[in-house]
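Residue numbers (our numbering): 62 to 229.
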């Protein structure tokens, strides 16, 4: 997924994207794979939880024509559940802070949730609320249209003194 926003402070277009390499951990060439093995080389330092996980990358442009090289802003770490992957992130500015709505996929449950993040510079992001989920699927009867996935693709829309969030 590619979610494009414009930051009025930096005057840059920001695209949160997937990289063609996002599904693969950095390979450890000291442990090469062979044709006889179905297990590839592992992440340096034995960080096996990063393998085959979706990550969120970011690129920026002043004019929508020239883009920076993508760099990762969210990738799994040892604290994340083994079945969690990061699918996309919409971001918006609130004062001096950027707020990110990270769409988090849980493979075992086959559900999508939203977790909040924040950044002061747009490049270094931190999880808000100790990584707790901010928006979760409806669990009333399991028959609601949002009973499996909640996914935010656009910033909130101000309506009076409220911010309205549209999600799918």
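Don't be surprised by glycine CBs; every beta carbon is placed ideally from N, CA and C.
None of the values given here were measured: they were computed from a predicted structure.
Sequence-distant residues of its chain with Cβ nearer than 7 Å to residue 216 (five each side left out): 66, 151 and 153
Proximity to residue 138 [Cα-Cα], best of 146, 131 and 205: 146
Beta-carbon contacts of residue 220 that lie in its chain and below 7 Å, excluding the five residues immediately before and after: Once the five neighbours on either side are set aside, residue 220 has no close Cβ partner at all.
Per-residue DSSP class, three states only, for residue 190: helix
Residue 109 classed as buried or exposed, judged by whether at least 16 other C-beta atoms fall within 10 angstroms: Its pLDDT being 49, under 50, residue 109 is placed unreliably by the model, and nothing is read from it.
Contacts around residue 144, its chain only, beta-carbon distance under 6 Å, and the 5 residues preceding and following it disregarded: 167, 168 and 169
Rounded separation between residue 173 and residue 162 - CA only: 12 Å
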